[in-house]
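Protein chains in written order, with the working numbering: chain A, 35 to 468; chain B, 35 to 468.
A virtual CB, placed ideally from N, CA and C, is assigned to each residue, including glycine.
Number of protein chains: 2
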Amino acid sequence: MPVGAAGAYRIVGMETHDVRFPTSRQLDGSDAMNPDPDYSAAYVVLKTDDGFEGHGFAFTIGRGNDVQTTAISALEPYVIGKDVEDLGALYKDMVNDSQLRWLGPEKGVMHMAISAVVNALWDLKAKRAGKPLWRLLSELSPEQIVDLIDFRYLSDALTRDEALQILKNAEQGKAERIARLIEVGYPAYTTSPGWLGYDDEKLRRLCKEALDQGFGQIKLKVGADLEDDRRRFRVAREICGPDFPIAIDANQRWDVGSGIEWINALREFKPHWVEEPTSPDDVLGHAAIARGIEPIPVATGEHVQNRIIFKQLLQANAISYLQIDSARVGGVNENLAILLLAAKFGVPVCPHAGGVGLCELVQHLSMFDYVAVTGTMDDRVIEYVDHLHEHFVDPVVIRNGRYVAPSAPGFSGELHAASITAHTFPDGEVWRDA
Amino acid sequence: MPVGAAGAYRIVGMETHDVRFPTSRQLDGSDAMNPDPDYSAAYVVLKTDDGFEGHGFAFTIGRGNDVQTTAISALEPYVIGKDVEDLGALYKDMVNDSQLRWLGPEKGVMHMAISAVVNALWDLKAKRAGKPLWRLLSELSPEQIVDLIDFRYLSDALTRDEALQILKNAEQGKAERIARLIEVGYPAYTTSPGWLGYDDEKLRRLCKEALDQGFGQIKLKVGADLEDDRRRFRVAREICGPDFPIAIDANQRWDVGSGIEWINALREFKPHWVEEPTSPDDVLGHAAIARGIEPIPVATGEHVQNRIIFKQLLQANAISYLQIDSARVGGVNENLAILLLAAKFGVPVCPHAGGVGLCELVQHLSMFDYVAVTGTMDDRVIEYVDHLHEHFVDPVVIRNGRYVAPSAPGFSGELHAASITAHTFPDGEVWRDA
């Protein structure tokens, strides 16, 4: 593949792959709602007439990954033969297609398909530019950034002019922040100790490892059994000490009333935040929970379907931390809108990651946020889970509990060809033998 | 096919069909967001070992109907070989499948697929019972009804006990209401005059026809051009008179601020309600619009993804009319929850219909609401659009502007086999010739 290229190019091919990792065999990733996930990627490769490839995917947890892959294939007519220099226009064309829109609008399978394709287009663009995506985005002008965003349904909370002003205010000091980011990386926290399927001994060992590795925060899954949660939280506090940030994550397990009760029963352990206490659709429910557990902060976002729900979570003072996901909303473009919304409301963005390649992707967005939007890494952390990175061509690097800024061109979401082949469902060797 | 049957049975087969009607050729169904829909059904047939069939579908408007059909096929393992007597348990199994849930949860393509299957199961159940669905549901006990509902995420607005009480309060007088319903039918309104693609002459003619046919309300599509809307509203008022209920429908065209401005510019024409002023996800936006246009009522629902968004619309006093759709949320079961939520909050349900077979299905739900939930038809109307009914085995019957209560066993959503064959995409004769 050539390294960096300028000028016009066209997409001439799209491949999709149903890739699944049998993670349920080890209970990795087990939580109160997802007891046995098989981390999967509905994977797409775009090919250009000048020899580049863009890779992207929607993340799922097993069954239904075939449906998700079919939805990505349905977008082929929107990219094949297209000159894809203007990713603002192409994104808006896909999201606002009047017929496809009926399948959402802007939510669920069809929206995640758009996300996969949009992210693959950005991977392509960054590879052709010879830059990691965070840097490519950071070097765009404020006007170029806002042109990438669909402000429809946002104007009561964030106008184009307000977004432009936020970006202009961050112009100064960009070069220094890029240098600093390259030097020190971006803070991470780890969920690896906290899966529900692990016993106390494993929890204890993984907490110690997290501290030894320099992570500044950990997270525990909760919500299946209260006494179990109290015991595990106590174990984690013993290892980590009384003031170390320990977040908890209920993965949507509760209703409003039961959530408030349960969280208050964990209050003595000082949760750094409580994540996904209830349905990701329930803006008013999150707001009621936030009031019922003050001052414990509420966080959510990994299942939030689009910028319109995020807008309302911010308007309702329902969340204190906003957790973007790189592959659920409409890809890079919609996440730019969400970063700007969060900046407008002064709420720190602490991304969801893990799964298949979500760490690889989302680090670029947080780094862009630091360099070109908020100018700070204070009170911000990117989730880190140590699963499946070995399958990626440009895997994340964690050093002293921080993400090292990627330097390879692209969006870092490319799987090794051999990993795709082995894990293709149902005919790859991993599944054929099962 | 046998007429009525008791005892255990199992599903032994599932067929799916990608059925599309080329409605865009006539601009039927054109509105401000959907200029050229091809009304489509991702269609499913379930077959039992005792010779019955259950028919259901998800409604789409063209592109993506293949994705929707694939999603329905993915549910085959949940029904094949199953004893499907307990439709509460089966519904909850599908909705709460931990892996499939990741594709929503409870929204978009995967949720609409569940809707299609759930509705097909109810069609089957009603056919085997030898009753129209509205009657089958009306004759269930309050306990049987609440067992069909997933109360997760509802308890801050509606508990199981409250739902039970609403149903128990409606027990008295059921028999009289069934008799009355059969005698007079259920009030309808018509959208047929109001499509944006029609010229003033056609609008005038269709308004007159609506009055002649005895409809008590009409609806106009708005939101593409304000001067055009004012002219068309004036034409409709000339024909219908100053006090006749004329609703308007923007199909999500506006942001909060632009919606308030636009609606207030139509205030002099006294809209009976304004429908879908903005994104169906924007609960707080609907609430802000409702306050900004008082006392003009706000209505929404056809694109509302699930009971959780409806719950919030009610909690936030954002809507004065709630518009259920028979085939977007999780089928009959979730619509039962939504009818009960609306009853709790005292908001009339005026269903969305039209498309392919949505009139056929949703009439059953409103009739159940009258007989067994609210006990009233006051201030309630079911949408009626005179498209595509000829393709159904048991099409709706409108008499004096009212839906006649169906008497044939089932859920009325069965297409003629010949219609399926001719309209199958892309190989049916209708498409092959195009």
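Taking contact to mean at least 3 C-beta pairs separated by less than 8 Å, is the stretch 337 to 348 of chain A in contact with the stretch 128 to 142 of chain A? Because the criterion of three Cβ pairs below 8 Å is met, the stretch 337 to 348 of chain A and the stretch 128 to 142 of chain A touch.
Tell me residue 90 of chain B's beta-bridge partners as DSSP assigns them. By 1-based counting over the second sequence, the position of residue 90 of chain B is 56. B:78.
Quick one: grab the DSSP three-state call for residue 273 of chain B. Locating residue 273 of chain B in the second sequence gives position 239, counting from the first residue. Here residue 273 of chain B sits in helix by DSSP.
Please list, in chain order, the chain A residues whose beta carbon lies closer than 8 Å to that of residue 137 of chain B. As a working mapping, residue 137 of chain B is identified with position 103 in the second sequence. Listed along chain A, the residues sitting closer than 8 Å to residue 137 of chain B by beta-carbon distance are 94, 98, 101, 102, 142, 143, 146.
With a cut-off of 8 Å, do at least 3 Cβ pairs link the stretch 124 to 132 of chain A to the stretch 85 to 93 of chain A? These segments do not touch.
Can you list the residues of chain B that residue 132 of chain A reaches, using a CB-CB cut of under 8 Å? Here residue 132 of chain A is taken as the residue at index 98 of the first sequence, counted from 1. Per Cβ cutoff of 8 Å: 67, 68, 69, 70, 71, 95.
Tell me whether the beta-carbon of residue 43 of chain A lies closer than 8 Å to the beta-carbon of residue 104 of chain A. Your numbering for residue 43 of chain A matches position 9 in the first sequence. Your numbering for residue 104 of chain A matches position 70 in the first sequence. Against a cut-off of 8 Å, the Cβ pair of residue 104 of chain A and residue 43 of chain A comes out as no contact.
Residue 407 of chain B versus chain A: which residues are under 9 Å apart at the beta carbon? As a working mapping, residue 407 of chain B is identified with position 373 in the second sequence. Here the premise fails: no neighbours, minimum Cβ distance about 23 Å.
Who are the neighbours of residue 337 of chain A on chain B, taking C-beta pairs under 9 Å? The count along the first sequence starts at 1 and reaches residue 337 of chain A at position 303. By Cβ distance, chain B contributes 136, 138, 139.
Which term fits residue 312 of chain A, buried or exposed, when burial requires 16 or more other beta carbons within 10 angstroms of its beta carbon? Working through the first sequence from its first residue, we reach residue 312 of chain A at position 278. If you draw a 10 Å sphere on the C-beta of residue 312 of chain A, you find 16 or more other C-beta atoms in it, and that means buried.
Neighbour flag for residue 388 of chain B against chain A, beta carbons, 8 Å: Within the second sequence, numbered from 1, the residue matching residue 388 of chain B stands at position 354. Not an interface residue.
Can you say whether residue 111 of chain A is buried or exposed, counting buried as having 16 or more other CB atoms within 10 angstroms of its CB? Here the question's residue 111 of chain A lines up with position 77 in the first sequence. In summary, residue 111 of chain A is exposed, with fewer than 16 beta-carbon neighbours lying within 10 Å of its beta-carbon over all protein chains present.
Can you round the beta-carbon distance between residue 114 of chain B and residue 133 of chain A to whole angstroms, since I take them to be within the 8 Å contact cut? Along the second sequence, read from residue 1 onward, the residue named residue 114 of chain B stands at position 80. Along the first sequence, read from residue 1 onward, the residue named residue 133 of chain A stands at position 99. The Cβ separation is near 31 Å, so there is no contact.
Less than 6 Å between C-beta atoms, sequence neighbours within five positions excluded: which residues of the same chain meet that for residue 121 of chain A? Against the first sequence, residue 121 of chain A aligns to sequence position 87. Cβ contact annotation for residue 121 of chain A (same chain, cutoff 6 Å, sequence separation greater than five): 155, in chain order.
Bridge partners - residue 280 of chain A, DSSP secondary structure assignment: In the first sequence, counting from the first residue as 1, residue 280 of chain A sits at position 246. DSSP output for residue 280 of chain A lists A:252, A:305 as bridge partner(s).
Distance between residue 66 of chain A and residue 292 of chain A (C-alpha atoms, nearest Å): For this step, residue 292 of chain A is matched to residue 258 along the first sequence. For this step, residue 66 of chain A is matched to residue 32 along the first sequence. Cα to Cα, residue 292 of chain A sits roughly 14 Å from residue 66 of chain A.
Counting only beta-carbon separations shorter than 8 Å, does residue 340 of chain B have a partner in chain A? What you label residue 340 of chain B is simply residue 306 of the second sequence in a count that begins at 1. Yes, contact with chain A.
Chain-order list of residues whose beta-carbon lies under 6 Å from that of residue 438 of chain B (same chain, five-residue window excluded): Along the second sequence, one-based indexing puts residue 438 of chain B at 404. Excluding positions up to five away in sequence, the list reads 219, 431.
Using the beta-carbon count (16 or more within 10 Å), is residue 175 of chain A buried or exposed? For the purposes of this step, residue 175 of chain A is identified with residue 141 of the first sequence, where counting begins at 1. The residue in question, residue 175 of chain A, is exposed, as its Cβ has fewer than 16 Cβ neighbours within 10 Å.
For residue 268 of chain A and residue 209 of chain A, the rounded distance between their alpha carbons: Along the first sequence, one-based indexing puts residue 209 of chain A at 175. Along the first sequence, one-based indexing puts residue 268 of chain A at 234. The C-alpha of residue 268 of chain A is placed about 44 Å away from the C-alpha of residue 209 of chain A.
Taking 7 Å as the cut-off, is the CB of residue 85 of chain A close to at least one heavy atom of the ligand HEM? Among the components modelled here there is no ligand, and therefore nothing to report on the ligand HEM.
Between the CA atoms of residue 48 of chain B and residue 163 of chain B - distance to the nearest angstrom: For the purposes of this step, residue 163 of chain B is taken as the residue at position 129 of the second sequence. For the purposes of this step, residue 48 of chain B is taken as the residue at position 14 of the second sequence. Residue 163 of chain B and residue 48 of chain B: Cα-Cα distance of roughly 21 Å.
Three-state secondary structure (DSSP) at residue 152 of chain A? Position 118 of the first sequence, counting from 1, holds the residue named residue 152 of chain A. In the structure shown, residue 152 of chain A falls within a helical segment according to DSSP collapsed to helix, strand and coil.
Could you check what DSSP says for residue 451 of chain B in three-state terms: helix, strand or coil? Looking up residue 451 of chain B in the second sequence gives position 417. In this structure, residue 451 of chain B counts as helix in the three-state DSSP scheme.
What does a CB cutoff of less than 6 Å around residue 285 of chain B pick up in its chain, not counting 5 residues either side in sequence? Numbered from 1 along the second sequence, position 251 holds the residue referred to as residue 285 of chain B. Correct list, in chain order: 65, 66, 67, 310.
For a test of the three-state rule: what should DSSP assign to residue 209 of chain A, helix, strand or coil? By 1-based counting over the first sequence, the position of residue 209 of chain A is 175. Three-state DSSP puts residue 209 of chain A in a helix.
Quick check: the stretch 350 to 366 of chain B against the stretch 315 to 334 of chain B, are at least 3 beta-carbon pairs closer than 8 Å? At 8 Å Cβ cutoff, the stretches touch.
Whose CA, out of B:356, B:107, B:149, B:51, lies closest to the CA of residue 366 of chain B? Here residue 366 of chain B is taken as the residue at index 332 of the second sequence, counted from 1. Residue nearest to residue 366 of chain B within the set B:356, B:107, B:149, B:51 is B:149 (criterion: CA-CA distance).
Which residue wins for smallest C-alpha separation from residue 356 of chain B, given the options B:52, B:196, B:376? Against the second sequence, residue 356 of chain B aligns to sequence position 322. Looking from the CA of residue 356 of chain B, the closest CA among B:52, B:196, B:376 belongs to B:376.
Tell me whether residue 310 of chain B sits in a helix, a strand or coil according to DSSP, three-state version. Numbered from 1 along the second sequence, position 276 holds the residue referred to as residue 310 of chain B. Here residue 310 of chain B sits in coil by DSSP.
Name the chain B residues whose beta carbon is nearer than 8 Å to that of residue 322 of chain A? Translated into the one-based positions of the first sequence, residue 322 of chain A becomes position 288. Chain-order list of chain B residues neighbouring residue 322 of chain A: 190, by C-beta distance under 8 Å.
Any chain A beta carbon closer than 8 Å to residue 77 of chain B: Residue 77 of chain B sits at position 43 when you count from the first residue of the second sequence. Taking 8 Å as the threshold, the shortest C-beta distance from residue 77 of chain B to chain A does not fall below it.
Which partner residues does residue 409 of chain A have in the DSSP bridge list? Within the first sequence, numbered from 1, the residue matching residue 409 of chain A stands at position 375. DSSP output for residue 409 of chain A lists no bridge partner at all.
Closer than 8 Å to chain A by CB, residue 352 of chain B: Counting from one through the second sequence, the residue named residue 352 of chain B turns up at place 318. No - not a single Cβ of chain A is within 8 Å of the one on residue 352 of chain B.
Does any residue of chain A have a CB that is nearer than 8 Å to the CB of residue 187 of chain B? Residue numbering aside, residue 187 of chain B sits at position 153 when the second sequence is read from its first letter. For residue 187 of chain B, the answer is yes, since a Cβ of chain A falls inside 8 Å of its Cβ.
Relative to the C-alpha of residue 254 of chain B, which candidate in B:261, B:440, B:237, B:433 has its C-alpha closest? Looking up residue 254 of chain B in the second sequence gives position 220. With distances taken between Cα atoms, residue 254 of chain B lies closest to B:237.
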